[in-house]
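Single-structure report; data block below.
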Amino acid sequence: EYPFIKSLLLQLKDLSKVAVVAGGCPRDIYLDLPFSDIDIYVSHECHFVDATNLLCSMPEVSNVNLQVGDRLPTQYKAEHITAVISFEAKGLPFQLVVTNRRTFDSILDTFSVNLSKFYFEEKNIKYTETAGRDLYKQKITVNGKVLVNKSYLNKITKKFPTFKVINESSLPF
Numbered sequence: 001e002y003p004f005i006k007s008l009l010l011q012l013k014d015l016s017k018v019a020v021v022a023g024g025c026p027r028d029i030y031l032d033l034p035f036s037d038i039d040i041y042v043s044h045e046c047h048f049v050d051a052t053n054l055l056c057s058m059p060e061v062s063n064v065n066l067q068v069g070d071r072l073p074t075q076y077k078a079e080h081i082t083a084v085i086s087f088e089a090k091g092l093p094f095q096l097v098v099t100n101r102r103t104f105d106s107i108l109d110t111f112s113v114n115l116s117k118f119y120f121e122e123k124n125i126k127y128t129e130t131a132g133r134d135l136y137k138q139k140i141t142v143n144g145k146v147l148v149n150k151s152y153l154n155k156i157t158k159k160f161p162t163f164k165v166i167n168e169s170s171l172p173f
């Protein structure tokens with residue numbers, strides 16, 4: 001439906017083994033809900049300077065903003081994220097999230113709630129078994145492997161107010 005996204009993903013795959021749209025956008029489209037932005041995740045081979053240069057070279061892209069280190073947005077501050085590049089294209093807000101992960105599965109493992117483990121594969125929306133289970137059982141399970149950002153959890157609970165929050169983490173949130 002969005003030729004620009006398909007083209008961008010193909011170009012990103014020249015820089016990275018993994019380039020995938022995942023998270024809230026595919027989940028919300030699947031549930032026929034409005035989405036607020038589009039997150040693209042890339043694996044560790046993609047250097048944020050190369051990705052920024054690619055985005056800046058595309059005529060459809062505007063407002064490119066590279067954030068690294070202390071400048072990372074709060075919801076993206078985690079040991080597995082090396083950079084976030086925010087930009088707009090075709091009237092839509094995007095985040096390109098550069099991770100230090102090598103595989104698609106290891107990227108999904110870093111998502112702080114299972115309900116966000118949705119992704120596009122070609123034109124199809126897919127989700128992990130844990131995401132499907134949480135959707136069916138109407139719960140928001142906090143991933144026990146990662147520290148959840150409180151503002152992100154608030155955003156999810158606001159979007160799904162009837163879902164029960166389950167904390168599988170030994171860390172408080």
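Note that the sequence shown ends on residue 173 in the numbering used here; no numbers are left out. Glycine included, each C-beta is placed from N, C-alpha and C at the ideal position. The structure presented is a predicted model; accordingly, all values stated were derived computationally and were not measured.
Is there contact here, the stretch 14–26 with the stretch 95–107, by at least three beta-carbon pairs under 8 Å?
yes
So residue 74 and residue 154 are in contact, right, with Cβ under 8 Å, and what is the actual spacing, rounded?
No, residue 74 and residue 154 are not in contact; Cβ-Cβ is about 11 Å, not under 8 Å.
So, does the stretch 39–55 touch the stretch 126–146, judging by three or more C-beta pairs under 8 Å?
no
Straight-line Cα distance separating residue 54 from residue 66
12 Å
Suppose the cutoff is 6 Å on Cβ atoms and the five residues either side in sequence are ignored; what does the same chain contact list for residue 111 look like?
117
Once the 5 residues before and after residue 166 are set aside, which same chain residues still bring their CB inside 6 Å of it?
139 and 141
Can you tell me whether residue 16 is buried or exposed, with buried defined as 16 or more other CB within 10 angstroms of its CB?
buried
In the DSSP assignment, find the beta strand (DSSP E) that holds residue 126 and state where it starts and stops.
124–127
Kindly list the residues whose CB is nearer than 7 Å to the CB of residue 35, restricted to its own chain and excluding five residues on each side of it in sequence; keep chain order.
24, 25, 28 and 29
From what residue to what residue does the alpha helix (DSSP H) around residue 164 run?
It is not in any alpha helix (DSSP H) - residue 164 instead sits in the beta strand (DSSP E) that spans 164–167.
According to DSSP, residue 142 sits in a beta bridge with which residue or residues?
113 and 167
To test your reading of the DSSP string, which unbroken beta strand (DSSP E) runs of 3 or more residues are found completely within the stretch 55–115?
61–68, 81–89 and 92–99
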